[in-house]
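So the sequence shown is numbered by my numbering: it starts at 217 and just counts up by one.
Each remark here refers to the structure printed beneath this line.
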Amino acid sequence: MTIASIEALYRSVKNKKPLLADYSSIDHNLFFTPEYLTQLYHTDCYELLNHKQRLRYNQIFAMRSIEQLMTLEARFISLVVGRSATHRVLCKNKELRYCMAEMVKEEEEHYLMFHKLNRRAAPSIYGDKELYFARMSTLEKCALEIFARLPGVNVFLLWVLLILEEFSTYISKETQKNSIGGGDFLEPNFVHAHREHLKDEARHVMICANAISDILENSTLFYRGMNAWILKRFMHDYMTPKRGGLRVIKQLVKEFPELNSIEETLIGAVQSQKQDYVIWNAIESDKSMPVTNSLFQNFPEFLLTRS
217 MTIASIEALY
227 RSVKNKKPLL
237 ADYSSIDHNL
247 FFTPEYLTQL
257 YHTDCYELLN
267 HKQRLRYNQI
277 FAMRSIEQLM
287 TLEARFISLV
297 VGRSATHRVL
307 CKNKELRYCM
317 AEMVKEEEEH
327 YLMFHKLNRR
337 AAPSIYGDKE
347 LYFARMSTLE
357 KCALEIFARL
367 PGVNVFLLWV
377 LLILEEFSTY
387 ISKETQKNSI
397 GGGDFLEPNF
407 VHAHREHLKD
417 EARHVMICAN
427 AISDILENST
437 LFYRGMNAWI
447 LKRFMHDYMT
457 PKRGGLRVIK
467 QLVKEFPELN
477 SIEETLIGAV
487 QSQKQDYVIW
497 NAIESDKSMP
507 VTNSLFQNFP
517 EFLLTRS
């Protein structure tokens, strides 16, 4: 896949369209996200849920997925972009630095847009908080702040940002795709939010790709190898189902007390997934994440595999 030039991205930023984050009443009779983008769908335990329970699980999981996007778009991006803008290679590229600065502003807008959607969908959960399922502990927040400031890891951080940004575009595109033709298959407000999300996100992916390429083309083999080693270990840990997916199940059981008897079974089914099938399937697909895979071809030492 051809990576858009930074000159083209610069022009795109200058002509970007504003986000439209006005929502109507949420229809809780509809799925919020395609079923195959949820964790339990890929387990035998999904069959233990009736339609009403599956519907609610889908809705809760969709809100959790949006929280993940918010977490990415809140602090992580500003840390990575702020750090990368001072890199000896990138600091010379005025247009790239401008695009990255605008990217931070746009992600802050996405954060507010998604939080507004989640609060409208579940005011009882988000009435006094912004994150519930994907919240980070104080220790995790401190670790992120420290890690983002370590010397020599700029390109690793940009790779993480690229992968998560392009995965988020995959989620939004799949949401869009499943809303076409079916008319009422997915909740319209969630479809709208993901449509707005795509206005900027494809450009963000290309900005990350340009930054990564610029750095790696001017780096030593040792620098590349070290960052590739860190990336593989970080992503394998990141893509193991963790607390957020379990909190979704606990919330489902809270709302459906009749599921108390199989709560541990449902939790065990998620924990037994050594890897998150949804994100791995996307990463391994040229169609789902073309930019990431294009860079894997250009810099094969960074290629991620499940083993």
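All C-beta atoms in this analysis are idealised placements derived from N, C-alpha and C, irrespective of residue type, glycine included.
Same chain only: Cβ atoms within 8 Å of residue i, ignoring 5 sequence neighbours per side
i    : result
S221 : N426
M451 : V376, I379, L520
V229 : Y314, C315, E318, R419
D453 : none
K233 : K415
S549 : Summary: the structure shown does not reach residue 549, with the chain confined to residues 217 through 523, and so no result is reported for it.
Q392 : V407, H410, R411, L414
G298 : V320
7 Å Cβ shell around residue i - same chain, five flanking residues per side excluded
i    : result
E412 : L235, L236, A237, M329
R584 : What is shown of the chain runs 217 to 523, which leaves residue 584 out entirely.
C424 : L374, L377, L378, E381
Q467 : I276
S395 : F401, L402, V407
A409 : M329, F330, L333
A350 : R280, E283, Q284, T287, G460
D502 : N509
E223 : E311
A498 : F383, Y386, S504, M505
E417 : E381, S384, T385, S388
Q487 : P457
A338 : M279
T432 : Here residue 432 is Leu; the residue named in the question, Thr, does not match the sequence. Excluding positions up to five away in sequence, the list reads V371, R440, F515.
R227 : none
CB of residue i within 8 Å of CB of residue j, strictly
i    : j    : result
G517 : G441 : According to the sequence shown, residue 517 is Glu rather than Gly. Yes, Cβ-Cβ distance for E517 and G441 is below 8 Å.
F401 : F248 : no
L366 : S388 : no
L246 : E403 : yes
V320 : E381 : no
L520 : S384 : no
N434 : V305 : yes
H331 : E311 : no
M316 : S340 : no
T436 : C261 : no
Y386 : S504 : yes
L285 : Y273 : no
G368 : Y439 : yes
I428 : L355 : no
Close-in-space but distant-in-sequence residues of the same chain around residue i (CB under 6 Å, 5 per side omitted)
i    : result
V296 : L373, L377
H303 : N370
D492 : M455, P457
G399 : Because G399 sits at a pLDDT of 47, beneath the cut-off of 50, its placement in the model cannot be relied upon, and the following sentence gives the value as read from the coordinates. Closer than 6 Å at Cβ, skipping near neighbours: no residue.
D243 : E403
H258 : Y493
S294 : V320
I483 : L462, I465
Y348 : I341
A278 : F248, T249
E361 : none
Q489 : P457
A485 : T259, C261
CB-CB length for residue i against residue j, believed under 8 Å
i    : j    : result
V494 : L253 : 6 Å
I276 : N334 : With 8 Å as the limit, I276 and N334 do not qualify as a contact, their Cβ atoms being about 11 Å apart.
L225 : R463 : With 8 Å as the limit, L225 and R463 do not qualify as a contact, their Cβ atoms being about 37 Å apart.
E390 : P250 : 5 Å
D430 : N309 : 7 Å
ask   = Should the region 325–333 be regarded as contacting the region 434–445, the criterion being three or more beta carbon pairs within less than 8 Å?
value = no
- Indicate whether the contact test is met: 3 or more Cβ pairs, each with one atom in the region 264–274 and one in the region 462–474, closer than 8 Å. yes
Q) Which parts of the region 277–335 are runs of the alpha helix (DSSP H), unbroken and 4 residues or longer, counting only runs that do not cross its ends? A) 293–300
Practice task
Please go through the region 426–479 and give each complete alpha helix (DSSP H) segment of 4 or more residues, from N-terminal end onward.
Solution key: 437–454, 459–471
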